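Going down the list, the sequences are from chains A and W. Position in the first sequence (from 1) plus 86 gives the number in our numbering. Position in the second sequence (from 1) plus 405 gives the number in our numbering. Where a beta carbon is used, it is the ideal one built from N, C-alpha and C, also for glycine. This structure is a prediction, so every number in the text was calculated from the model and none was measured.
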Amino acid sequence: MSSQRSHRREPNQYDRSHGEWTCGKAALGDACGSGPNARGKCLRNECRPIRTAFSIRKLVRYATGSAGLFVLLACLISDFRQQTFAPGPLTQAHAQILQGTTAGERCATCHPAGRLNSLSWFASIHPSIEDGKTQSQLCLECHQRSMPQLAHGSPHNVDRDVLVSLRNQDRQLAIADHGAGATLDDRHSLDNDQLACSVCHREHHGFKADLQFMANDRCQSCHRQQFASFQRGHPDFEDYPYRTESQIRFSHRTHQDKHFVAKNESFDCRTCHLADSHSATGNVIRSVPFETACARCHQQSLKATLFDGMVVLQLPSFDGEVLEKHGLKLGAWPTSNLFAFEGKVPPMMRWLLSGDPSVRDVLGRLPDDVDIGDLDWQRREVCEDLVLLANGIRALIDQVGSEGQPALLRRLEGTPGLMPTHKHEAVAGIPPDIFRRAYELWFQPHLPLHVSESRRTAIAQPRFAPPQIPSGASESDLLVNAEDDLDLLTDDSIQEDAVGEVLQKDEVRKQLSISAVAQGGWLIDESRTAIVYIGSGHGDGLLAQWLTIASINHSKDTIGARERTKLVLQSDSPSQLPKVPWTSVGQPRDTAWHRLLDPSIHGGCGECHILESSNYEPANNANFDLWHARSTGSGSRTFTKFDHRPHLLLGSLTQCIACHQLKNDSASVLPASVNRTEQMQGEEFRQGHLPMQSEFQSMRKADCVTCHRVGASSDQCTTCHNYHVGEYARKRHAPIRTAVEPTQDQGGGHAAIR
Amino acid sequence: MPNVAQLSSSAPSRGSPILARRLRWAPWVTTLAVFVFLWAACRWLDLRLGRPDFLSGYVLAGLTTSMFLLPLRKKLLVLPLGRVAHWQKLHQYVGTLACLVFVLHAGWPIHGTLEICLASLFLLHALSGFALWYLNTTTPRKLSIFGQEILANEIPRARQQVLEQAHQVAMQAAGRVESHVLAEFYMQRLAKFFQLRRSLVYTFFPNGRLRRYFLDALKQQDRYLDVSGRELRERLCELVQEKDDLDFRDALHKRLQWWNISHSGMTALFVLLMVTHIWLAHRFHGT
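Below you can see the structure in the form of structure tokens.
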């Protein structure tokens, strides 16, 4: 190498590699001694200096850098900012939503930083929290409307205590099965309540990107009982898909073997459960509407139950003489209701009165199933309570008549555990006019004779009160004097005839009144001195709301019916058990309330609906629903999902019984519907809340593995499991009679997330 | 001033120690191991519902930044920071690792205008880097074929010398009737060749097409030449070969320069886009 170097010319000052310019004659070996200056000018004006390679490289570097900076700044302050800096196209759904927005709005919809101007970006290094909102919270501004549980932020949007409970259950099962209990990773996940949406839902990956894609491995980062595939290692099913307890009592077995046979009709699942019975692959309806499946046979019995109507408010009868003896003044009160201590406080009136502080204590001393005639009214304290009760009833009618529904709402404010939605829906539709009219009829001093004329003349006056002498009339104008009246009362035959005649007239009058609102509505029943609501039939919203309130309001001090039933079955002395909700006991068996709620009575609501609210928590059950088919509400997303439509395309699965097969002994687990008359004899059946166990056999994993395996149909976790669970508004607001569920979520419980 | 006709001895072969030969794959294995470790870490983070993009992104940013250690070393001539050759090796290993991490970080397809520009620049840097690596390995071997080492900035002067010598030979041929044809041939064709500056295409794809053409053409002039004329023709042939060799050397040097400019000329733009990308990722990542 050194010998080669010796052949070269001596390097001059222009050979330096980091110089900007070199002499134009240097390449020819004639470089001058001084060379060009820093600006590339030849000091002798003899040549044209040329740039060195280093200089060209530097020049290119500065030129491209400056051009890039210029373009970036131009994009930053222009309308092309979104197009330039967006890391990719949005998915179809989000792109459509943001279609009409400007570039700034488009970013700001999802990104807190997008709400700032360009210069503010440089104000702080921390990006994602502006105005106290994170990006996930901006996601929730839209998505929380349909899935309120998203706000929890916890894994699966399930409360941490519930997750811990499920994990512990799962661990015990795992210990029992495998001798090891680690099925869920304890090291994290349960305490992670700040899981950002973008961790799983990664946007800006193209128009057709699957935003909901989740790899199986990600599920198993928490669920440590790992297995290779659905076919190999996935736990077998337990009671799938019948784990969820239904809110409806219905026996397929009885209807198939008994009722349809009696009517000589064929029992075909698709008749009720397919939205389009002519199409074998249509949407499957899990909960069949009443009008579709039940009304044909059960409509008449329901109408008969609702015929008498629900007593919303009824004036009890007081013995005026006894009250006077105690020195108490009752105030304005219909004379027809002054013959004796008689009557009960109907449930609706009790709740409305409980909003009056002056009556609340009286109600506390007056049990809901006790007739006031059974009280010890010889005691002055009892009579004082009854006068307070009468005043409260009068004030209630007056307030509602004059102020309308706000007065009702105000009185319901004190009812514990009720959400505002419950109160508003319960009050909606109650006409104040009917209360005003009732007040005029019953309490206006100048209209006493208009009220219950027949009772006044035939019962009230002869039995318990001296005849009313109209002002200006002489004693001789009366047919009989006071002594004659007493004589008449002592004559049993005359008395019975008169009472019978009057009662007959009352019945006719009552029938006429009710027939006037046979399709449902409000009326003042003069014969009962009551305001009555006649339900319109199945699905009557007002009736349902009041029954829901009743269930919630009276279940606080009691245990759930299902729980009680278990205790009854396990205990030797059921009478010592806690009280069940009032919906099943405590109401006279001859009232409409009882007929509607008692499960042992044919045609009532309780015959099919399990009216139990033991699981109600005001904080978590804003949309608590007693009436829909499923206890979790028809709009809930559970851990497991299933879509019937693709399965019905398979020839082997077109018949429902291919998967849904009745148990052989299903009759024994359906007490509420099977042999109802005999089975309702027992205490637990009279209360009517035995757990609704499934009458179908659990499906087997092996049946699904036939298709869902590696190399065949999808066996991803998310094929059958939801990550986000809870209420789902799009389904929740669907009325039950049109609740078609194309994708049915079946209860999977903790086994599904194992 | 060296004579271009002089041959120099070939470059001495450097014998590698046995240990060095055994460990010659160690840097590559290490590079691959680091990448596998990083891939596993990203995978683990992804399965733990973490942010593997940030991990791989920052590692990539760190590797890219460390690539600037080589030009920094070249500028710090005074400090004893080891041989540039060692730094260049490190540059190659880190660059290879950066390419692997880039694939891990960016994935496919790449969306977004800024991200596509950034990825394109990265690919340009990577391709030019690998090209430079290849050229740095093969060019000295190709240059050594000529036997004499000529620096790139000495080539124009050597080319001028060849032109002058060819002109002298042509003048000698013009002075004799028997070789007058050779002088005419030079005037009509060869003079342009000796003054020719090769095109950009030749720079990137050097070839011997003109060399073969003129040598063949010169040989066909023999039938018009006597013995002394044929000696002049042979001398011209030698000069044609020297000119072509110089052009070939020049093309190899310029090719290196062009790749060098493409490799480092976009550095500022790349750094600018990279910083913007990091900034945006921080400002807009989901929380």
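query	result
Answer yes or no: does any C-beta atom of chain W fall closer than 9 angstroms to that of A:Ile183?	no
With a threshold of 9 angstroms between beta-carbons, can W:Met472 be considered close to chain C, or not?	As a matter of chain content, chain C is missing from the structure shown, whose protein chains are A and W.
From the DSSP output, which residues share a beta bridge with A:Phe782?	A:Leu748
According to DSSP, is A:Ala514 helix, strand or coil?	coil
Within the segment 300-372 of chain A, note down every full alpha helix (DSSP H) run reaching 4 residues or more, in order along the chain.	302-305, 355-359
Whose Cβ in chain A lies nearer than 8 angstroms to the Cβ of W:Ser525?	Near W:Ser525 there are no residues of chain A at all, since even the closest Cβ is about 12 angstroms away, more than 8 angstroms.
Establish whether the CB of W:Leu465 and some CB of chain A are separated by less than 9 angstroms.	no
Considering only the beta carbon of each residue, do W:Leu641 and W:Val574 sit closer than 9 angstroms?	yes
Please report whether the beta-carbon of W:Asn558 lies at a distance below 9 angstroms from any beta-carbon of chain A.	yes
For A:Arg125, count neighbouring C-beta atoms within 10 Å of its own C-beta (all shown protein chains included) and say buried if the count is 16 or more, exposed if not.	exposed
If you check the beta carbons only, do A:Val448 and A:Leu474 fall under 9 angstroms apart?	yes
For W:Arg638, collect the residues of the same chain with a Cβ closer than 7 angstroms to its Cβ; drop the 5 residues on either side in sequence, then sort them by chain order.	Leu587, Leu623, Gln626, Asp627, Leu630
A:Met435: buried (16+ other C-beta within 10 angstroms of its C-beta) or exposed?	buried
List the residues of chain A that W:Ala673 touches, going by C-beta distances under 7 angstroms, in chain order.	Arg147, Tyr148, Thr150, Gly151
Take every Cβ of the segment 441-461 of chain W, pair it with every Cβ of the segment 514-530 of chain W, and state whether three or more of those distances are shorter than 8 angstroms.	no
Where DSSP assigns a beta bridge to A:Leu399, which residues make up the other side?	A:Ile617
Between A:Pro173 and chain W, is any beta-carbon pair separated by less than 9 angstroms?	yes
State the Cα-Cα distance for the pair A:Ala199 and W:Leu537, rounded to the nearest angstrom.	42 angstroms
Tell me whether A:Gly737 sits in a helix, a strand or coil according to DSSP, three-state version.	helix
Report yes or no: is there a C-beta of chain A within less than 9 angstroms of the C-beta of W:His496?	no
Who pairs with A:Thr108 in a beta bridge, going by DSSP?	A:Ile136
Quick one: does A:Ile142 have its CB under 9 angstroms from some CB of chain W?	yes
According to DSSP, is A:Glu428 helix, strand or coil?	strand
Could you check whether the Cβ of W:Leu692 sits closer than 9 angstroms to any Cβ belonging to chain A?	The amino acid occupying residue 692 of chain W in the given sequence is Thr; Leu does not appear at that position. Yes, W:Thr692 lies at the interface with chain A (some Cβ there is under 9 angstroms from its Cβ).
Quick check on A:Asp519 - is its C-beta less than 9 angstroms from some C-beta in chain W?	no
Can you give me the start and stop residues for the alpha helix (DSSP H) that W:Asp650 sits inside?	632-669
To the nearest angstrom, report how far apart A:Met785 and A:Tyr328 are at their CA atoms.	9 angstroms
For W:His516, go through chain A and note every residue whose CB falls closer than 7 angstroms to its CB, in chain order.	Pro173, Gly174, Pro175, His290, His291, Gly292
Name the residue from A:Gln317, A:Ser284, A:Val445, A:Ala379 whose alpha carbon lies nearest to the alpha carbon of A:His341.	A:Ala379
Quick test of the definition: if touching needs 3 or more C-beta pairs under 8 angstroms, does the segment 285-295 of chain A touch the segment 160-177 of chain A?	yes
Please compile the residues from chain A whose C-beta is within a distance smaller than 8 angstroms of the C-beta of W:Asn665.	Ala139, Arg143
Which residue from A:Gln491, A:Asp484, A:Arg465 puts its Cα closest to that of A:Trp528?	A:Asp484
CB A:Gln298 to CB A:Ala616, shorter than 9 angstroms?	no
Select from A:Gly441, A:Trp437, A:Phe404, A:Lys415 the residue whose C-alpha is nearest the C-alpha of A:Asn423.	A:Phe404
So, are the CB atoms of A:Ile520 and A:Trp632 less than 9 angstroms apart?	no
Could one say the Cβ of W:Gln573 lies closer than 9 angstroms to chain A's Cβ atoms, at least one of them?	no
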